[in-house]
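Just remember that our numbering sits 101 ahead of the position in the sequence shown, which is counted from 1.
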Amino acid sequence: MSPTSRRYRRTACTGLALALPLAALAACGGGSGGDASAAAGSGKGTISVWAHQGQKSESDALQSAVKSFNSSQNKIKAELKLIPDTDYTKTITATDPSKLPDVMEFDGPTMANFVYNKKLAAIDDYVSSKTMGNATPASKAQGEIDGKHYGLGMYDSGLGIYGSKKLLDAAGVKYPTSLSDDWTADQFTAALKALKAKDPDGKVVDLQETAGYANEWGTFGFAPIVWSSGGSLLKDGKAEGALDTPAVVSAMKTFQSWKPYVDPNTDGNAFAKGRVALSWVGHWMYPAYSKALGSDLVVLPLPDFGDGPKTGQGSWAWGIGAGSKNGKAAGAFLDYLLNDANVTAMTKANGAPPATKTALAKSELYKQGGPLQLFADQLAKPCGDTDITKSCVAVTRPITAGYPTVTAKFSDALNSVYGGADPKSALEKAARAIDQDFSDNAGYKIP
Numbered sequence: 102m103s104p105t106s107r108r109y110r111r112t113a114c115t116g117l118a119l120a121l122p123l124a125a126l127a128a129c130g131g132g133s134g135g136d137a138s139a140a141a142g143s144g145k146g147t148i149s150v151w152a153h154q155g156q157k158s159e160s161d162a163l164q165s166a167v168k169s170f171n172s173s174q175n176k177i178k179a180e181l182k183l184i185p186d187t188d189y190t191k192t193i194t195a196t197d198p199s200k201l202p203d204v205m206e207f208d209g210p211t212m213a214n215f216v217y218n219k220k221l222a223a224i225d226d227y228v229s230s231k232t233m234g235n236a237t238p239a240s241k242a243q244g245e246i247d248g249k250h251y252g253l254g255m256y257d258s259g260l261g262i263y264g265s266k267k268l269l270d271a272a273g274v275k276y277p278t279s280l281s282d283d284w285t286a287d288q289f290t291a292a293l294k295a296l297k298a299k300d301p302d303g304k305v306v307d308l309q310e311t312a313g314y315a316n317e318w319g320t321f322g323f324a325p326i327v328w329s330s331g332g333s334l335l336k337d338g339k340a341e342g343a344l345d346t347p348a349v350v351s352a353m354k355t356f357q358s359w360k361p362y363v364d365p366n367t368d369g370n371a372f373a374k375g376r377v378a379l380s381w382v383g384h385w386m387y388p389a390y391s392k393a394l395g396s397d398l399v400v401l402p403l404p405d406f407g408d409g410p411k412t413g414q415g416s417w418a419w420g421i422g423a424g425s426k427n428g429k430a431a432g433a434f435l436d437y438l439l440n441d442a443n444v445t446a447m448t449k450a451n452g453a454p455p456a457t458k459t460a461l462a463k464s465e466l467y468k469q470g471g472p473l474q475l476f477a478d479q480l481a482k483p484c485g486d487t488d489i490t491k492s493c494v495a496v497t498r499p500i501t502a503g504y505p506t507v508t509a510k511f512s513d514a515l516n517s518v519y520g521g522a523d524p525k526s527a528l529e530k531a532a533r534a535i536d537q538d539f540s541d542n543a544g545y546k547i548p
């Protein structure tokens, strides 16, 4: 993993830490499927809460929220257990549903697998309509399967391109200022060429390539190219005809052509130190980049490959264990956890976009006119994971119990393409492997 993004991948949002745990999920993906419901219970008593132990500021914010909840009333006591982030998903995977907590945190891409294996219950009957209504559309989309919601997040994520205004201007490069003014893929390529002409070593962009792309960063960071070209990782349960279309192949050839312009960024400071003019990464790098560049920093959308600019989204979320005997109390805790005070405290701790409407509107970073308004604008146009149109922007990674296979095969193909492999062959191979796995597992259907 890249030194610049290792902390983010462990903690802040997208499941990038889950490359190995996701493989473990794939190994246990032969569950019987089916829905499971938590018992309502009395709405009183002690409830257990599990969460990943991320960076200290996040853990402190969560511990404070639990303490405040317990002090705010005398009917329910929440007992928090923090599990090291490197072990967290593996722990849930290895734990029998009856032994899981009343409330548990989970990373977005793991949700469908946990539902499939009867470890998560729908939360609709237990969280308030106010809490559900205040969730951002993108957050709700990540947590929904067939009209039921299994999780809501405190925060979300997003991708963009950070630019150095000074270096872009010096090369005469015109750059977008908003979603409605996005680069085309050809314009982005032309910008790289123009920047190269003014750069001593010709390395003008950071794509966070240090650890390669055969991992969750490969999927989160570059699946937007697939979506923006009109393709999909999975459509109607099939990868063939979605992932390997001529348009996606062409887009991947363009991605491949950028490699000569990429700084390997082995020290993690290519953009912050001014070696490159552009950095393709997410919201989590804003604090470091803002400190390094100040007013010279600009935030741009990813390029449009023909079907509109796209970004990944998704984050850690909160749900109710399917074995809980006190769903009412668990729901009351979630209502409290997702209030403005706690969401604001958490997003100040990790810099992520708030996943509730009210906290997002008040955020100094993400509100209208804020330095990261672009990320909020992207999340305000969610696609979900299936209805990927030209007008929507924030795409949820496929909500399927087979996601571990999808991400493993796609990221392997991406990494191969970046290394020089034929895009058509690599994508077709990935699509066949994904479809074979789905066929072997009856499509991972959740009745």
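Here a beta-carbon is modelled for each residue, glycine too, at the ideal position from N, C-alpha and C.
Remember, predicted model here, so these are calculated numbers, not experimental data.
Positions of the alpha helix (DSSP H) runs, each at least 4 residues long and wholly inside the stretch 403–457, are given as 428–438, 441–451 in order along the chain.
By the beta-carbon neighbour count (other beta carbons within 10 angstroms, threshold 16), S172 is exposed. Judged by their CB atoms, L253 and W151 are not nearer to each other than the 8 Å cut-off. Within the same chain, Cβ atoms closer than 7 Å to the Cβ of A239 are found at D257, Q414, L480, P483, A495, the five residues on either side in sequence being excluded.
Cβ atoms of G331 and D408 come within 8 Å of each other, at about 4 Å. Contact between M255 and L439 holds, since their C-beta atoms are separated by about 6 Å, short of 8 Å. Here T501 is not bridged, per DSSP, to any residue. Put simply, of F356, T320, A514, D345 the residue whose alpha carbon is nearest the alpha carbon of T497 is T320. The C-beta of T147 has fewer than 16 other C-beta atoms within 10 Å across all chains shown, which makes the residue exposed. Out of I421, K426, S138, G470, the CA that lies nearest to the CA of G432 is found in I421. Beta-bridge partners assigned by DSSP to H153: I184.
The beta carbon of P524 sits closer than 7 Å to the beta carbons of V350, M353, K354, Q357, V518 from its chain, once the five residues preceding and following it are set aside; these are given in chain order.
Looking from the CA of K374, the closest CA among D203, L398, A527, H384 belongs to L398. Boundaries around P325 are those of the alpha helix (DSSP H), 317–329, since no beta strand (DSSP E) includes it.
Here D197 is exposed: its Cβ has fewer than 16 other Cβ atoms, across all protein chains shown, within 10 Å. Judged by DSSP in its simplified three-state form, M212 adopts helix.
In this structure, G261 sits near P402, with a CB-CB distance shorter than 8 Å. Using a Cβ-Cβ distance cut-off of 8 Å, the stretch 303–310 and the stretch 359–371 are in contact, since at least three pairs of beta carbons, one from each stretch, lie closer than that value.
I193 is not a Cβ neighbour of F170, given a cutoff of 8 Å. In the three-state reduction of the DSSP assignment, S173 falls in the helix class. Here the C-alpha atom of N451 lies approximately 10 Å from the C-alpha atom of H384. Residue nearest to W359 within the set A389, K392, A286, S396 is A286 (criterion: CA-CA distance). Comparing alpha carbon positions, the residue from S199, Q156, D186 closest to A423 is S199. In the three-state reduction of the DSSP assignment, Y217 falls in the helix class, which pools H, G and I.
A straight-line Cα-Cα distance of about 5 Å links I184 and H153.
Annotated three-state conformation of E206 is strand, per DSSP.
With a cutoff of 8 Å on beta-carbon distance, A223 and K249 are scored as near each other. Runs of the beta strand (DSSP E) spanning 3 or more residues and lying entirely within the stretch 459–531 occur at 483–485, 495–497, in chain order.
In the DSSP assignment, L260 falls within the beta strand (DSSP E) that extends over 260–265. The residue from G470, V382, Y189 with its alpha-carbon nearest to that of F207 is Y189. In the structure shown, I535 adopts helical secondary structure according to DSSP, grouped into three states.
A check of alpha carbon separations from A315 across D536, D405, D538, K510 identifies K510 as the nearest. Counting only unbroken stretches of 3 or more residues, the beta strand (DSSP E) elements lying wholly within the stretch 353–398 are 379–383, in sequence order. Per DSSP, E310 has no beta bridge partner at all.
In the DSSP assignment, K275 falls outside any alpha helix (DSSP H), carrying neither H nor E. Between A531 and Y217, the gap from beta carbon to beta carbon reaches 8 Å or more.
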